[in-house]
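Asks: Offset between the sequence shown (1-based) and the working numbering: plus 311. Every residue, glycine too, gets a C-beta built ideally from N, C-alpha and C.
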Amino acid sequence: MFQVFISYRGEIAGLSAALIWACASLVYIGVGRQIAPLALNLTKGWMAIALIALTGLATGQTLPTLDSASLIVLLLSGAIGVGVGDTAYFNALNLIGARRTLLFETLAPALAALLALFFLQEQLSLQAWFGIFLVLAGVVWVVLERLPELSEAPHQTLRGILFGLLAALAQAIGAVLSRSAFIGSDVDTLSSTLIRLIGATLVLLIWGTLQQQTREIVKPLQSQRLFLIIAGTAFISTYLGIWLQQTSLKYAPTGVAQALTSTSPLFVIPLVRLMGDRVSMRAVVGVLIALVGVSLLFSRA
Numbered sequence: 312m313f314q315v316f317i318s319y320r321g322e323i324a325g326l327s328a329a330l331i332w333a334c335a336s337l338v339y340i341g342v343g344r345q346i347a348p349l350a351l352n353l354t355k356g357w358m359a360i361a362l363i364a365l366t367g368l369a370t371g372q373t374l375p376t377l378d379s380a381s382l383i384v385l386l387l388s389g390a391i392g393v394g395v396g397d398t399a400y401f402n403a404l405n406l407i408g409a410r411r412t413l414l415f416e417t418l419a420p421a422l423a424a425l426l427a428l429f430f431l432q433e434q435l436s437l438q439a440w441f442g443i444f445l446v447l448a449g450v451v452w453v454v455l456e457r458l459p460e461l462s463e464a465p466h467q468t469l470r471g472i473l474f475g476l477l478a479a480l481a482q483a484i485g486a487v488l489s490r491s492a493f494i495g496s497d498v499d500t501l502s503s504t505l506i507r508l509i510g511a512t513l514v515l516l517i518w519g520t521l522q523q524q525t526r527e528i529v530k531p532l533q534s535q536r537l538f539l540i541i542a543g544t545a546f547i548s549t550y551l552g553i554w555l556q557q558t559s560l561k562y563a564p565t566g567v568a569q570a571l572t573s574t575s576p577l578f579v580i581p582l583v584r585l586m587g588d589r590v591s592m593r594a595v596v597g598v599l600i601a602l603v604g605v606s607l608l609f610s611r612a
């Protein structure tokens, strides 16, 4: 059993990250109405950095010595994937809602696999590509259910679509950059998570300053309730979630890792069912299709 876990630790980590992000998304939808997306992303980022620093102190772990190329790649991965990608994602959530935003997120695995193919020469088997296709098909099938008509505010809808596309592209680029750093160095997953979050925080600080969002940035510090909610969610989604994502990218091919971490919408279904919402047969079918794809990704060898 332990040997199976070791063999598929990248895939297991990817699914675990998706489950964590599904739980966190239910919280972020509410928090996003109280704080600007950039400020929310920055706040959860520095909170997660503090948690990782405490983890390092508790375990006696220090940052490894990295060559400048790997360090820059990880900083860029965080700046693009977490800084730009998550901020665009939160903006899309506010403009076009969770269902449409998640639809655009399903583009990320295919984009990541294609970028890895061209820039890392990372080959996937036909079985793996078919598995990715089934995972995406299942997610899209679920997300498209009862998709509302386009908003009566076309400008808002267009902005939401652009933010959704930007989020998917940024997260795919961030994943490929992380994977290239793992290939080119022996950096561990916790240290890579810390470096990525530092890169994201730096770009968000500059971005927020240029947009004169200082008041929004300090807003979580002015409300104890909001601070505690963001802190708890940051621990789950950013500290644990990105750590698991990095583990997935280290031990599984980029396209496989990104496909598995994009299954969050499937985990939302049982969560909302537990909260009392009705789950349709279409949603169940979508989950089953995606699970077949996941099984193919786990048997990729």
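1) When the distance is taken between beta carbons, is T549 closer than 8 Å to A359?
2) A568 and A486 look like a contact to me (Cβ under 8 Å); what is the Cβ gap, rounded to whole Å?
3) For the alpha helix (DSSP H) that G471 lies in, which residues bound it at each end?
4) Helix, strand or coil for S534 per DSSP?
5) Applying the 10 Å Cβ sphere with the 16-neighbour rule, what's the burial state of A364?
6) Just to confirm before moving on: does the CB-CB distance between F493 and L426 stay below 8 Å?
7) Buried or exposed: which applies to L374, given that a residue is buried once 16 or more other Cβ atoms fall within 10 Å of its Cβ?
8) Check whether the stretch 439-458 and the stretch 385-397 are in contact - that is, three or more C-beta pairs closer than 8 Å.
9) Once the 5 residues before and after Q556 are set aside, which same chain residues still bring their CB inside 6 Å of it?
10) For W554, which residues of its own chain have a beta-carbon under 7 Å away from its beta-carbon, when the five flanking residues on both sides are left out?
11) Tell me which residue opens and which closes the alpha helix (DSSP H) that P420 is part of.
12) Within 10 Å of its beta-carbon, does I331 have 16 or more other beta-carbons around it, so buried, or fewer, so exposed?
Replies: Short version:
1) yes
2) The pair is a contact, with the Cβ atoms about 7 Å apart (cut-off 8 Å).
3) Note, G471: alpha helix (DSSP H), P465 to G495.
4) coil
5) The Cβ neighbour count for A364, taken over all protein chains shown within 10 Å, is under 16; the residue is labelled exposed.
6) no
7) exposed
8) They do not touch, by the three-pair rule.
9) A328 and T572
10) T500, L501 and T504
11) For P420, the enclosing alpha helix (DSSP H) stretches over residues L418 to F430.
12) buried
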